[in-house]
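The next block holds one structure in the form of structure tokens; read it before the comments.
Numbering (the UniProt record's numbering), first residue to last: 1 to 233.
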């Protein structure tokens with residue numbers, strides 16, 4: 001089965017809309033209304049972020065993926081600047097890439113070999129314009145229920161906690177004041193989601209109690225996914 005077929009089996013119209021709701025709820029404050037906002041997305045999945053960007057009147061978008069079928073899937077439906085097929089390391093694309101106001105990666109870094117993560121983040125950070133953000137969302141190992149994510153995909157190499165994301169950022173010279181960690185929160189846009197939010201808070205309270213009983217060290221962000229936002233001064 002081709003990867004595009006694999007994704008099609010997992011996506012439907014509701015899934016697409018739900019993913020956009022998560023993007024809007026969690027990241028809209030980092031998406032400026034600036035004219036000619038330049039955006040780079042690595043691994044665009046089924047283009048839900050591109051669709052959201054176009055709805056925000058953003059068209060200067062570059063997409064990078066190692067699967068040509070993904071890059072070609074929606075190319076006629078949206079306004080973008082270009083797509084780039086990744087054959088090796090993304091750092092080899094330096095001549096094809098530009099400087100960007102927003103660099104976006106959702107569930108990508110857990111696929112990157114650990115010994116390449118510092119280099120990849122440093123490279124992406126070098127492409128960022130001053131005053132703008134790299135946004136990275138990954139499975140959250142702060143919550144032990146997310147540990148199954150480590151083995152849910154053959155290509156996963158690791159998971160991340162709050163501490164490891166901070167370490168990753170500081171390894172490339174980012175100062176603490178430019179690091180934001182936040183949970184990938186459920187968007188309160190539907191009635192069912194209000195129920196999910198309440199139940200999730202109860203679950204997180206139970207997990208917090210377990211951590212405190214086990215050891216007086218606990219994580220504050222317990223959502224299934226966690227986002228690292230890095231600002232460049």
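Even glycine gets a Cβ: it sits at the ideal position worked out from N, Cα and C. Values in this document were obtained by computation on a predicted structure and should not be read as measured data.
Backbone secondary structure at residue i - three-state DSSP
{"i": "residue 194", "result": "helix"}
{"i": "residue 108", "result": "coil"}
{"i": "residue 70", "result": "helix"}
{"i": "residue 86", "result": "coil"}
{"i": "residue 144", "result": "helix"}
{"i": "residue 50", "result": "helix"}
{"i": "residue 232", "result": "coil"}
{"i": "residue 103", "result": "strand"}
{"i": "residue 97", "result": "coil"}
{"i": "residue 213", "result": "helix"}
{"i": "residue 75", "result": "coil"}
{"i": "residue 31", "result": "coil"}
Span of the beta strand (DSSP E) around residue i
{"i": "residue 129", "result": "128-139"}
{"i": "residue 13", "result": "Per DSSP, residue 13 belongs to no beta strand (DSSP E); it is in the alpha helix (DSSP H), 13-27."}
{"i": "residue 91", "result": "Run containing residue 91: none; DSSP gives neither H nor E here."}
{"i": "residue 223", "result": "Taken as a continuous stretch (DSSP letters only), residue 223 belongs to no beta strand (DSSP E), as it is neither H nor E."}
{"i": "residue 42", "result": "38-42"}
{"i": "residue 64", "result": "60-65"}
Same chain, Cβ closer than 6 Å to residue i, five either side skipped, listed in chain order
{"i": "residue 111", "result": "155"}
{"i": "residue 180", "result": "229"}
{"i": "residue 96", "result": "84"}
{"i": "residue 55", "result": "none"}
{"i": "residue 208", "result": "218"}
{"i": "residue 174", "result": "230"}
{"i": "residue 106", "result": "137"}
When the options are compared against residue i, the one with the closest alpha-carbon
{"i": "residue 99", "options": "132, 87 and 84", "result": "132"}
{"i": "residue 224", "options": "195, 93 and 137", "result": "137"}
{"i": "residue 27", "options": "104, 75 and 119", "result": "104"}
{"i": "residue 42", "options": "95, 147, 109 and 190", "result": "109"}
{"i": "residue 91", "options": "79, 117, 77 and 197", "result": "117"}
{"i": "residue 7", "options": "65, 184, 222 and 70", "result": "70"}
{"i": "residue 88", "options": "157, 31, 160 and 65", "result": "65"}
{"i": "residue 124", "options": "47, 169 and 177", "result": "169"}
{"i": "residue 163", "options": "151, 176, 204 and 50", "result": "176"}
{"i": "residue 53", "options": "68, 115 and 81", "result": "81"}
{"i": "residue 192", "options": "18, 11, 13 and 9", "result": "18"}
Range of the contiguous alpha helix (DSSP H) that encloses residue i
{"i": "residue 234", "result": "Nothing about residue 234 can be reported from this structure: the residues present for the chain run from 1 to 233 only."}
{"i": "residue 4", "result": "3-10"}
Contacts around residue i, its chain only, beta-carbon distance under 8 Å, and the 5 residues preceding and following it disregarded
{"i": "residue 58", "result": "31, 37 and 39"}
{"i": "residue 221", "result": "140, 142, 162, 181, 182 and 183"}
Cut-off 7 Å between Cβ atoms - residues of its own chain near residue i, not counting five sequence neighbours on either side
{"i": "residue 172", "result": "118, 121, 122 and 125"}
{"i": "residue 198", "result": "none"}
- Length at least 3, wholly inside the stretch 146-194: the beta strand (DSSP E) runs in chain order: 179-183
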